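> Could you have a look at this structure, given as structure tokens, before my questions?
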Amino acid sequence: MLSVIGLDVSFTSVKGIDAFDYHLYRNKPISLNNNEFYMDSQQLVDDIYPFVNGVLSANHIVASCVDLVALDDAKNIFSDIIKKNNCLADFASFSHANEINQSLQLAKQLSFENHRPTLILSINQMHFDGMVALLVCDKKLLNDEFYLDTKDQLHLAQLAQIKHCHCYAEINATSVEKLANFNAENESVTTNISQHIQQFLFQNKLKTKHIDSFLLSQNDKSEKHAFKPLEFSHQKGCLHAFSSLNSSPLLHELNQKTLFANSLISNVDLLDSASENFNTLLALVSGILCLDQGYRIAGKQNFIDQQLIKDYPLSGLYALQQSTSYLPNKTEHFRHILLSQICSDNFSLGDSHHLIQLSVANQINGEENERSVNNGFLAQQPSKPVIVTACNISVLHQNLNKVLNNVKELEQNFNLFCEQQYHLFTENFSDENIESFYCIVLIACSFSTLEKQIQLALHGITEPMVKPWKTPTGSYFSGELIQTKQDQSSLNFVYPGVGALYVGMGKDLLRLFPESYHRLLTMTDDLAAALQDNLMTPRSLSKPDKTHIIEYENLLRDELANIAEAGVSYACLLTTIFQEQLGLKATSAAGYSMGEVSMFAALGCWKSPHVMSQRLRESPIFTAQLSGPLKRLDNEWPKLAKKTGTPLWESYHIKAELLQVEALLESFPRVYITIINTPDSLVIAGDPEQCVALSKQLSVRAIALNVPNIIHCPLAKSEYENMQKLYSLDIKEKVSCKLFSSSCYLPIPITEKAIATSISKCLTEQVDFPRLIKQLAAQGERVFIEMGAGKSLGTWIERILKDDLTTVTCLSVNQKNLDDHSAILKTIAPLISLGYQVNLQSFFTGTIIRPVKKYNCNNLVS
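Here's what the structure looks like:
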């Protein structure tokens, strides 16, 4: 078994492992240059040396204690250059291999026999643009108990150093199988691949349910396979293998859902052309990144062969349309990825099938929560906040013009420029000579787009400012003077109800803010269930159309317990990001409908919130009585409850005033006013037929919310005592902000009984949202962040407080048609302009490569 302790990838257009990781996750093609000057071998040597040195120095390992293996193609061009120029001569030994399996076996042998790491190195010989390196060692070298009896002090010191290296993944097993002579009409290649996979899994004691992801890579891009029939046979062989294994009598006893959405199938294909072994090693690095960084990659568009769609259901394989985070579940102890590759035999012009089993590293050197570090993914996003400050608006114009005039002359890195502007902003707060200043935040992805934003700002910002200035990209100027000597202004988090949740929400959040991963693990032992991974991340073989999207959304809302748990979990994730990563602490909070539960959980009131998640899944309140089969109606509406084929209950949004609807309720006894959104916007619920009839009588449209749950009405009161028991959880001693409840429209004491009573009253009584917001405004709240999906609450708050004399700012952290990164930028830009000190460092810096402490004979140093 080999442990991966170092890796790097570099191209002319994509420099470094962090940039490559970004392209892999986003499925962005990598453009290649035709570096013909590399035929001058010295230039190649000059580029490779710092690349290799970077991998070693990151681990404080010296070349003389490392064996080098060049993964070369048939003509051995790369190996010959190394030998001819005597470059990389500092390595302990040099070998070359002509296929991936051979290089891994050689590395394993060298590391086992010599007790030192091996560096596998390859270059893209197709365009001479691209280098990839993998530093591996025998797993035993990472074990503290391993000891080598030698007098070589440098070797001993390096062995001690290796024990402190991070293990990115483990390479557990490899296998290669010669394929039959390929013929588009011949099924023998498909059979070869299928049998090879089945045999490989059997020999390594793996079942299909153990394989989280199945990565396919097709290396042969020659003309003889231009029609790609070999790719078809490759995919078909994988399907047949999994279908055969899943057809066993034992697996037939498994739950159908578990069987059908078990393993992701995807491909790694970011390059138009690449030399074979280089591309193979690149695919291996891709699998390692998926494991180490905790994500699942979507295949290339149209990767799934349409002729094979019918074969997928029985295989237990699924596809993703977009990459997303990997969420572990309670039953999974180790995550495995199977890499399947078709390679051309460099010598006999035949083809071979390679399999490599990877698994997440089982850390043995004391590391924990390795996903909870700044991985650099946020820093790789193109769009950045650019902050410009000034003592008054006139000087702000001057400073913007100064930046505008210098933009064309700026040769520095755009990311570095943005970081410098951020530090200038933070220094204003510590400068004793600055008592106040204005601040504008411009959102741009390059100097050219920054130039356009500046021009818009110069045209749009006038004095005096009547209202905030903003652009569609998220640039923002509040027009308010920031006082540096005052404490941070108050900030309210308002949590939406679970009905706002949507399929695909927050798919990139854990990649952008991996530090939040540890916080989630303290809340639940089953992230996949807590975030409802199966429902929130549809397993689809092709891009879903509008009909399928509606089906997914309805399935998500089918059971209140599921959507409630997901809503609470995403609220916790977003709150952690804003409070712990961005440094924005709420001074008060409120919840809309079941958002009140999210509020108490997200702001850390309960010691063990995962207990509530378990209760939600098991409680008949939200699985039988008030949701799902709606058994509460059996006694209340016995005749109606016996109807089949028609919905018994639905909630609707209508544009009407409270008194208008109340005047009609006597004529519609099975309709309830459940929530007052604004003075002229309500939610009614009950018998769908009567709800629609009431709206017609008012001549207003009834918009179904597709949330058939009996809450906020007298019928829910039958479950009041059960709710109190459900939400009675041990509490933490102290919570820093005031938590307002619609049960009494006041802050709630942080006690077990008070919180349980508050939630139970909220869910069984009508909600008056305007009253709640006006109470918050009376307390001085002027900035509201909607801590969940959508921006409905912000819109309503603006309407509710439209007559207030002071400016109200309502922000949304997540919107359905906006990616997570853009949504976060659009939220923090106004906050920065208002003077909130947002921690932006991770927007500019971070890396996948873990810091390794340097060992010396006395102690460890950073």
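Counting with the numbering used here, you get residues 4 to 865 for the letters of the sequence shown.
Where is the CB? At the ideal position from N, CA and C, for every residue including glycine.
These figures come from a predicted structure and were not determined experimentally.
1. Using 10 angstroms around the beta-carbon of F420, count the other beta-carbons present and answer buried if the total reaches 16, otherwise exposed.
2. Please go through the same chain and pick out, in chain order, the residues whose beta-carbon is closer than 6 angstroms to the beta-carbon of N104, but skip the five residues on each side of it.
3. Who pairs with A393 in a beta bridge, going by DSSP?
4. Once the 5 residues before and after T809 are set aside, which same chain residues still bring their CB inside 7 angstroms of it?
5. I'd like to check one pair, C168 with I64: are the Cβ atoms closer than 9 angstroms?
6. What is the DSSP secondary structure of C241, counted as helix, strand or coil?
7. Decide if Q46 is buried, meaning its Cβ has at least 16 other Cβ atoms within 10 Å, or exposed.
8. Please report the distance separating the alpha-carbon of V17 from that of L294.
9. Could you tell me which residues DSSP pairs with W799 in its beta bridges?
10. Quick one: residues in its chain with C-beta nearer than 7 angstroms to the C-beta of V135, no 5 flanking neighbours on either side, listed in chain order?
11. Where do the ends of the alpha helix (DSSP H) carrying M1 lie?
12. What are the start and end residues of each continuous beta strand (DSSP E) run of 3 or more residues lying completely inside the region 720 to 802, in chain order?
13. How many Å lie between N495 and T578 at the Cα?
14. Looking at the structure shown, is M134 part of a helix, part of a strand, or coil, going by DSSP?
15. Since A592 and L804 are thought to touch, with beta carbons under 8 angstroms apart, how far apart are those beta carbons, to the nearest angstrom?
16. Judging by CA-CA distance, which residue of E724, A759 and R673 is the nearest neighbour of W609?
17. Once DSSP output is grouped into helix, strand and coil, what is the label at S250?
18. Suppose the cutoff is 8 angstroms on Cβ atoms and the five residues either side in sequence are ignored; what does the same chain contact list for E722 look like?
19. Please determine if the region 440 to 456 and the region 384 to 394 are in contact, where contact requires at least 3 C-beta pairs separated by less than 8 angstroms.
20. Starting from C346, follow the beta strand (DSSP E) in both directions and report where the run begins and ends.
21. Distance, Cα to Cα, G793 vs V497?
22. I'd like the list of long-range same chain contacts for I464, defined as Cβ closer than 6 angstroms, with 5 residues on each side in sequence excluded.
23. Kindly confirm or deny that the region 715 to 734 and the region 567 to 576 touch, where touching means at least three C-beta pairs closer than 8 angstroms.
24. Excluding sequence positions up to five away, which residues of its chain have a Cβ less than 7 angstroms from the Cβ of D536?
25. Please work out which residues of its chain come closer than 8 angstroms, Cβ to Cβ, to F755, disregarding the five sequence neighbours upstream and downstream, and give them in chain order.
26. Once DSSP output is grouped into helix, strand and coil, what is the label at R620?
27. Applying the criterion that 16 or more other CB atoms from any shown protein chain within 10 Å of the CB defines a buried residue, is R774 buried or exposed?
28. Take E279 as the anchor and find which of E430, F131, A826 and K111 has the nearest alpha-carbon.
29. Which stretch, first to last residue, makes up the beta strand (DSSP E) that contains L124?
30. To the nearest angstrom, how far is it from the Cα of S836 to the Cα of L317?
31. Whole angstroms are fine: how far does the CA of Q727 sit from the CA of C765?
32. When we look at the beta-carbon of F432 and count the other beta-carbons within 10 Å, is it buried (16 or more) or exposed?
33. Start and end of the beta strand (DSSP E) containing N175?
34. Are the region 512 to 526 and the region 815 to 833 touching by the rule of at least three beta carbon pairs closer than 8 angstroms?
35. Could you pull the start and end residues of the alpha helix (DSSP H) that N81 belongs to?
36. How many whole angstroms separate the CB atoms of L544 and V841, which I take to be in contact at a CB cut-off of 8 angstroms?
Reading off the structure:
1. Sixteen is the threshold: when 16 or more other Cβ atoms of the shown chains lie within 10 Å of the Cβ of F420, as they do, the residue is buried.
2. If we look at N104 and ignore the five residues flanking it on each side, its Cβ neighbours are T177, V179 and H357.
3. Listed as beta-bridge partners of A393 by DSSP are Y441.
4. Annotation for T809: R785 place their beta carbon closer than 7 angstroms to its own, counting only its chain and skipping 5 residues before and after.
5. Yes, the pair counts as a contact, with Cβ atoms nearer than the cut-off.
6. Helix.
7. By the Cβ neighbour-count rule, Q46 is exposed, with fewer than 16 other Cβ atoms within 10 Å of its own.
8. CA-to-CA, the gap between V17 and L294 works out to about 21 angstroms.
9. BP columns for W799 are empty, so no partner.
10. Correct list, in chain order: V12, S125, F281, L284, L285 and V288.
11. Given a span of 4 to 865 for the chain in the structure shown, any question on residue 1 remains unanswerable.
12. Entirely contained in the region 720 to 802, the beta strand (DSSP E) runs reaching 3 residues are, in chain order, 741 to 744 and 786 to 789.
13. Each residue's Cα considered, the two are about 12 angstroms apart.
14. In the structure shown, M134 sits in a strand (DSSP, three-state: E or B).
15. Not a contact, Cβ separation roughly 17 angstroms.
16. Answer by Cα proximity: A759.
17. If DSSP states are grouped into helix, strand and coil, S250 belongs with coil.
18. Once the five neighbours on either side are set aside, the close Cβ partners of E722 are I624, Q628, L629, R635 and T767.
19. Under the three-pair Cβ rule at 8 angstroms, the region 440 to 456 counts as touching the region 384 to 394.
20. Per DSSP, C346 belongs to the beta strand (DSSP E) from H339 to S347.
21. C-alpha of G793 to C-alpha of V497: approximately 12 angstroms in a straight line.
22. Once the five neighbours on either side are set aside, the close Cβ partners of I464 are W472 and F480.
23. Remark: fewer than three beta-carbon pairs, one from each stretch, lie closer than 8 angstroms, so the region 715 to 734 and the region 567 to 576 are not flagged as touching.
24. Excluding positions up to five away in sequence, the list reads L330.
25. One point to set straight first is that residue 755 is Glu, not Phe, in the sequence displayed. Excluding residues up to 5 positions away in sequence, S731, L732, D733 and I734 lie with their Cβ nearer than 8 angstroms to the Cβ of E755 in the same chain.
26. Note: R620 maps to helix in three-state DSSP.
27. Its Cβ having fewer than 16 others within 10 Å, R774 is exposed.
28. Checking every option, the nearest Cα to that of E279 belongs to F131.
29. According to the DSSP assignment, L124 belongs to the beta strand (DSSP E) that extends over T121 to I126.
30. Distance between the alpha carbons of S836 and L317 is about 55 angstroms.
31. About 11 angstroms.
32. Answer is exposed; the Cβ neighbour count stays below 16.
33. Looking at the DSSP string, the run of the beta strand (DSSP E) that includes N175 is A172 to K181.
34. The region 512 to 526 makes contact with the region 815 to 833, as at least three CB pairs between them are under 8 angstroms.
35. First, the residue type needs correcting, since residue 81 is Phe and not Asn in the sequence shown. First-last of the alpha helix (DSSP H) with F81: I80 to N88.
36. The pair is not a contact, with the Cβ atoms about 41 angstroms apart (cut-off 8 angstroms).
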